[in-house]
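A.B. asks:
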Amino acid sequence: MSSEITMPDTRNTLVNLALFGLMVLILLTSLSTGTVQISLSDTVSAVVGNADPMTDFVVNELRLSRVVAGSLSGAALAMAGCLMQTLARNRLATPGIIGIDNAATAFAVASVVGVGLSLAPSAMALAGAAAATAIAFGLAGANGTRGYRFIVAGIGIGAIAGAVTQLMLSRVAIDTANAAYPWTVGSLNARDNRSVLILGIGVAAGYLILMCVTRALNTLQFSDAVAIALGTRLRAVRILGLGLSVMLTGLAVSVCGPVGLIALLAPELARALCRPGKIPLTAAALAGASFMLVADLLGRILLAPLEIPVGIITAIVGSPYLLWILLRPSPRSLT
Amino acid sequence: MVILASLLNGAGPVSAIDVMAALMGAGTGEAFFVVTELRLPRTIIALITGLALGLAGAILQSMTRNPLAEPGLLGVSAGSGFAVALAILWGASTATITTMVAQLGALAGCALVIAATRVQGLGNDPVRLVLAGATLSSLLMALTSMLMLMDQRAADEIRFWITGSVAGKSLSMLWATLPFILVGLALIGILARPLAAMALGEKAAVGLGHHPGRIRFLITVTVALLVGSATALAGPLIFVGLVVPFIARAFSGPDIRKTLWLCVPIGPAVVLGADVVSRLIATPSEMPLGVVTALIGAPVLLAIVRAGRMPSL
Amino acid sequence: MSHTKTATLKAESITLAHRQFIVAENLSLSLPTGKVTAIVGPNGCGKSTLLNGLARIHAPREGSVLLDGKDIHRLPSKEVARKLALLPQDNTAPEGLTVADLVRFGRQPHQGWMTQWSKEDQQAINQAVLAADVADLSGRALDTLSGGQRQRAWIAMAVAQQTPLLLLDEPTSALDLGHQIEVFELIRALSRQGKTIAMVVHDLVNACRYADHMVAMKSGTIIEEGTPADIVTPELVKELYGVHCDLLQDPATGCPLLANLRPCNS
Numbered sequence: 290m291s292s293e294i295t296m297p298d299t300r301n302t303l304v305n306l307a308l309f310g311l312m313v314l315i316l317l318t319s320l321s322t323g324t325v326q327i328s329l330s331d332t333v334s335a336v337v338g339n340a341d342p343m344t345d346f347v348v349n350e351l352r353l354s355r356v357v358a359g360s361l362s363g364a365a366l367a368m369a370g371c372l373m374q375t376l377a378r379n380r381l382a383t384p385g386i387i388g389i390d391n392a393a394t395a396f397a398v399a400s401v402v403g404v405g406l407s408l409a410p411s412a413m414a415l416a417g418a419a420a421a422t423a424i425a426f427g428l429a430g431a432n433g434t435r436g437y438r439f440i441v442a443g444i445g446i447g448a449i450a451g452a453v454t455q456l457m458l459s460r461v462a463i464d465t466a467n468a469a470y471p472w473t474v475g476s477l478n479a480r481d482n483r484s485v486l487i488l489g490i491g492v493a494a495g496y497l498i499l500m501c502v503t504r505a506l507n508t509l510q511f512s513d514a515v516a517i518a519l520g521t522r523l524r525a526v527r528i529l530g531l532g533l534s535v536m537l538t539g540l541a542v543s544v545c546g547p548v549g550l551i552a553l554l555a556p557e558l559a560r561a562l563c564r565p566g567k568i569p570l571t572a573a574a575l576a577g578a579s580f581m582l583v584a585d586l587l588g589r590i591l592l593a594p595l596e597i598p599v600g601i602i603t604a605i606v607g608s609p610y611l612l613w614i615l616l617r618p619s620p621r622s623l624t
Numbered sequence: 023m024v025i026l027a028s029l030l031n032g033a034g035p036v037s038a039i040d041v042m043a044a045l046m047g048a049g050t051g052e053a054f055f056v057v058t059e060l061r062l063p064r065t066i067i068a069l070i071t072g073l074a075l076g077l078a079g080a081i082l083q084s085m086t087r088n089p090l091a092e093p094g095l096l097g098v099s100a101g102s103g104f105a106v107a108l109a110i111l112w113g114a115s116t117a118t119i120t121t122m123v124a125q126l127g128a129l130a131g132c133a134l135v136i137a138a139t140r141v142q143g144l145g146n147d148p149v150r151l152v153l154a155g156a157t158l159s160s161l162l163m164a165l166t167s168m169l170m171l172m173d174q175r176a177a178d179e180i181r182f183w184i185t186g187s188v189a190g191k192s193l194s195m196l197w198a199t200l201p202f203i204l205v206g207l208a209l210i211g212i213l214a215r216p217l218a219a220m221a222l223g224e225k226a227a228v229g230l231g232h233h234p235g236r237i238r239f240l241i242t243v244t245v246a247l248l249v250g251s252a253t254a255l256a257g258p259l260i261f262v263g264l265v266v267p268f269i270a271r272a273f274s275g276p277d278i279r280k281t282l283w284l285c286v287p288i289g290p291a292v293v294l295g296a297d298v299v300s301r302l303i304a305t306p307s308e309m310p311l312g313v314v315t316a317l318i319g320a321p322v323l324l325a326i327v328r329a330g331r332m333p334s335l
Numbered sequence: 076m077s078h079t080k081t082a083t084l085k086a087e088s089i090t091l092a093h094r095q096f097i098v099a100e101n102l103s104l105s106l107p108t109g110k111v112t113a114i115v116g117p118n119g120c121g122k123s124t125l126l127n128g129l130a131r132i133h134a135p136r137e138g139s140v141l142l143d144g145k146d147i148h149r150l151p152s153k154e155v156a157r158k159l160a161l162l163p164q165d166n167t168a169p170e171g172l173t174v175a176d177l178v179r180f181g182r183q184p185h186q187g188w189m190t191q192w193s194k195e196d197q198q199a200i201n202q203a204v205l206a207a208d209v210a211d212l213s214g215r216a217l218d219t220l221s222g223g224q225r226q227r228a229w230i231a232m233a234v235a236q237q238t239p240l241l242l243l244d245e246p247t248s249a250l251d252l253g254h255q256i257e258v259f260e261l262i263r264a265l266s267r268q269g270k271t272i273a274m275v276v277h278d279l280v281n282a283c284r285y286a287d288h289m290v291a292m293k294s295g296t297i298i299e300e301g302t303p304a305d306i307v308t309p310e311l312v313k314e315l316y317g318v319h320c321d322l323l324q325d326p327a328t329g330c331p332l333l334a335n336l337r338p339c340n341s
């Protein structure tokens, strides 16, 4: 009995290590795959810094930044999803499903096509994510964020944001519209290095902060009363969590556009693997990065030389799973 | 009530006339062409589309007893859109084939929705059904996008069509779909009474001498015919089937027959109004009609979901 | 438990409200140290709201709740959690959570940002699972337990907090008779170890038996307060619940015993 109680985290550590290994493997595969095929060992030596100039160029100049952008945005989306699910006590309440991705995209597109404010896409995406979150949680109000109503309200918000994006695209010259197109489906092609850098800083900072408040976050799995009774400063934790979730979503969207369902799938996988009772943020982040990289890789090789945007791959892979959650005769509780 | 209805009916054509009058000032010969060749077909198509989508939404909601059951939201339109994209990709381009394909796609989508409502628990949970439909829609839309990637030529055709627009459609398209719409309307005429009985519950309907299974099948076919035709005409327009019955019910109360009658003027008015807005809002270019209907419809969705109690059907 | 110090909790003319609706007005209450206080009253009389008010879950609109003489809402939440534990009514837990996982949560108020699991924590947990008699269940998932076992696991979590004060909201509702007695005995045993306990109870018979102090509430006000033997009368029962009864004395324990309950209009 006491051994049961004393060793809390062996399983979670193992899961995290395994997921990390998986992510590295996918990362290397992704670096080595493309128009020029490079063997895994050559890829590794290129990353370490001793390969012929050609390989070095392909791996480090062409592919590395894409892979970094992909893993960072995947991790950010997954953490944001995991947080929001916890805060809303609703496993469907991920930023993509409740329309936050779309709103962030709408704002970012506004920045790209030059409608209104001329802030950087990152800043605009943040503003959009914040606005949509405020509306979604504001509308939930007394009805609460549990259950399906909250989600459908979010679908409404997403639809409005999507329509606004279309509206802006229809008002500008076709070239500008084409430039903004990758944004509307979710793709790693539209990234600019500054946004990736900001995302990197955001992910690192967000992760560190979350690790500091992880105990408080864990208590949110219980009812409010239990969390307060355990000494959690509920309001502060909520505001912090929601803020970080918005930040991570906004920054990720400013890099990769609205890549759906990673924020749902990665935390689901992490929860299935880890011990119950803890919010598996690390595992979710690693799984999210892996998902994003796999989806991007698939998008690059399936119809090569054509490239399928990563958002389309995640929608095709993720939607059936979401449907399965929804259509099961007796779904588990939404929490 | 009838006066109100006719007023609403007037709203669409009147604003269309405003646009025409403005154009008349520019030059009569040219304007004549614009009005008869471009505007008139467009107006008629918008009217027919609105009629079909509004009625389809009303009967689907009545049968699933779900105020949120909207063909567009539930993936019927997306199914039909996907089928059309597939057909275009395979080289189809004549109006007739597109119509048939759109209807087949809508039929498949509609059958899925009805099957989903039969899944235990889902039928009683309006919101969960909508979420499932939205997911199905996004899946189909992703697949459609993928088809577009595979063929650049088809992509242009599909992209134009997929956002939903009544512009640039010729009347020949209308002739191709009209028979289907008429059949759909006739079916609604037959179904109105059994539907009202179904509102009392399936057992009561059986007691009144109806056959729920047969009615369900006929409704599936009707919705597919109407939505498929509308989609073939104007592309997937979501939210029309939500907004129109919503407005109609506000006047008619729960009686499905009154609701259906009210949908006849309101549906065309909404779509035509949206089309006019789409022309005005983005002058000199145009905004896809689907964008306007989404902007009108999404707030209605929010309002329905936010209402403490789902209006029961 | 050696380190269980005492702490005092009292409410000073607090007004509690849900939105515009005032549930309880101008209530004052002080929990007798080291005793079991039972809060009783009909449905909707505001007893759970009062308990949540005392536990700082529900902030009073007016007045204040004082923990050791200080306003509970001004104290750091963690400090409060080291002095006051609560077992709320709605205690859902994540699926698959084990008893050990749950009890471990009780140590959170004692852990800092970075501090590791300490020996003290381990001791507290061992004591708590023994006290609540859930040691054999520690590896089991909560959703596989019976209602009584689950309730004991939750009490074990509250006990692991090692607080001098323990508040329980209907700890025995939805339990069968055997499990009810089990939980009440546990509560009494905890009180004998020096804890000050307050609980909202529906069951007046067991409240009489297990409480040292009783607070009777009706429509948001405290109408009687004192030992069960002093305050429980047929008149009080009639006023609270609208039923007639006869009052006997339990031959074994001497506490009041309700008998021959019947509706007022017969």
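Residue numbers (our numbering), protein chains in the order written: chain H, 290 to 624; chain C, 23 to 335; chain G, 76 to 341.
Every residue gets a Cβ at the ideal spot worked out from N, C-alpha and C, and that includes glycine.
1) Any heavy atom of the ligand HEM closer than 7 Å to the beta-carbon of F511 (chain H)?
2) In terms of DSSP beta bridges, what is I114 (chain G) paired with?
3) Considering just the uninterrupted stretch of the beta strand (DSSP E) at T422 (chain H), what are its terminal residues?
4) Just the Cα atoms here: how many angstroms apart are G94 (chain C) and I132 (chain G)?
5) Would you please verify whether the beta carbon of L323 (chain C) is less than 8 Å from any beta carbon of chain H?
6) Which class does K225 (chain C) belong to by DSSP, given the choice of helix, strand or coil?
7) Determine which residues share a DSSP beta bridge with R337 (chain G) and list them.
8) Identify, in the order they occur along the chain, each residue of the same chain with its Cβ nearer than 7 Å to the Cβ of F104 (chain C), setting aside the five sequence neighbours on each side.
9) Quick one: give me the first and last residue of the alpha helix (DSSP H) that N391 (chain H) is part of.
10) Taking the DSSP output, what are the residues bridged to F96 (chain G)?
11) Give the residues of chain H in contact with R337 (chain G), contact being defined as C-beta atoms less than 9 Å apart.
12) Could you run through the segment 367-391 of chain H and flag, in chain order, every residue whose CB is less than 7 Å away from some CB of chain G?
13) In whole angstroms, give me the CA-to-CA distance for Q324 (chain G) and D305 (chain G).
14) If I follow the unbroken alpha helix (DSSP H) through A207 (chain G), where does it start and stop?
15) For S512 (chain H), return the contacting residues in chain G, with the cut-off set at a CB-CB distance below 7 Å.
16) Report the residue from C:A256, C:G231, C:A208, C:A270 whose alpha carbon sits nearest the alpha carbon of T219 (chain C).
17) Using a 10 Å radius around the Cβ and a threshold of 16 neighbouring Cβ atoms, would you call A208 (chain C) buried or exposed?
18) Determine the direct distance from the alpha carbon of S300 (chain C) to that of G312 (chain C), and round the result to whole angstroms.
19) Residue range of the alpha helix (DSSP H) that T332 (chain H) falls in?
20) Would R300 (chain H) and R504 (chain H) be called neighbours here (beta carbons separated by less than 8 Å)?
21) Can you check DSSP and say which residues form a bridge with T199 (chain C)?
22) Could one say the Cβ of R438 (chain H) lies closer than 8 Å to chain C's Cβ atoms, at least one of them?
23) Could you confirm whether any beta carbon from chain C is found closer than 8 Å to the beta carbon of G451 (chain H)?
24) Could you tell me the distance, in whole angstroms, from the CA atom of R328 (chain C) to the CA atom of F268 (chain C)?
25) Among all the DSSP beta bridges, which residues are the ones paired with E170 (chain G)?
26) Could you name the residues of the same chain whose beta carbon sits closer than 6 Å to that of D321 (chain G), not counting the 5 residues immediately before and after it, in chain order?
27) Verify whether the separation of the beta carbon atoms of A291 (chain G) and V115 (chain G) is less than 8 Å.
28) If the criterion is Cβ atoms closer than 8 Å, does the pair V111 (chain G) and L129 (chain G) meet it?
29) From the DSSP output, read off the bridge partner residues of V140 (chain G).
30) Between T473 (chain H) and G600 (chain H), what straight-line distance do the alpha-carbon atoms span, to the nearest angstrom?
31) Please name the residues in the segment 560-574 of chain H whose beta-carbon is closer than 7 Å to at least one beta-carbon of chain G, in chain order.
32) So who's on the other strand from S296 (chain G), going by DSSP bridges?
33) Below 7 Å CB to CB, which residues in the same chain sit around A168 (chain G) once its five sequence neighbours on both sides are set aside?
34) Applying a beta-carbon distance threshold of less than 7 Å, which residues of chain H neighbour K153 (chain G)?
35) Inspect the beta-carbon positions of L69 (chain C) and L294 (chain C) and report whether they are closer than 8 Å.
36) In chain C, what lies closer than 9 Å to P609 (chain H) by C-beta?
C.D. replies: So, to answer that:
1) In the structure shown, the ligand HEM is absent, as is every other ligand, since no ligand is present at all.
2) G:V275, G:V290
3) From DSSP, T422 (chain H) is part of no beta strand (DSSP E) but of the alpha helix (DSSP H) over 410-429.
4) 44 Å
5) yes
6) helix
7) G:H319
8) G127, L162, L165, T166
9) 389-402
10) G:H93
11) In chain order: nothing, as chain H lies at least about 37 Å away.
12) none
13) 12 Å
14) Careful: A207 (chain G) lies outside any alpha helix (DSSP H) and carries neither H nor E.
15) P163, D165, N166, T167
16) Contrary to the premise, residue 219 (chain C) reads as Ala rather than Thr in this sequence. Selected option, being the one with the closest Cα: C:G231.
17) exposed
18) 9 Å
19) 329-337
20) no
21) T199 (chain C) is not bridged to any residue.
22) yes
23) yes
24) 14 Å
25) Beta-bridge pairing links E170 (chain G) to no other residue.
26) A334, N335
27) yes
28) no
29) G:A86
30) 9 Å
31) P565, G566
32) According to the sequence provided, residue 296 (chain G) is Thr. The question's Ser does not apply to it. Answer is G:K293.
33) L177, L217
34) G520
35) yes
36) T157, L161
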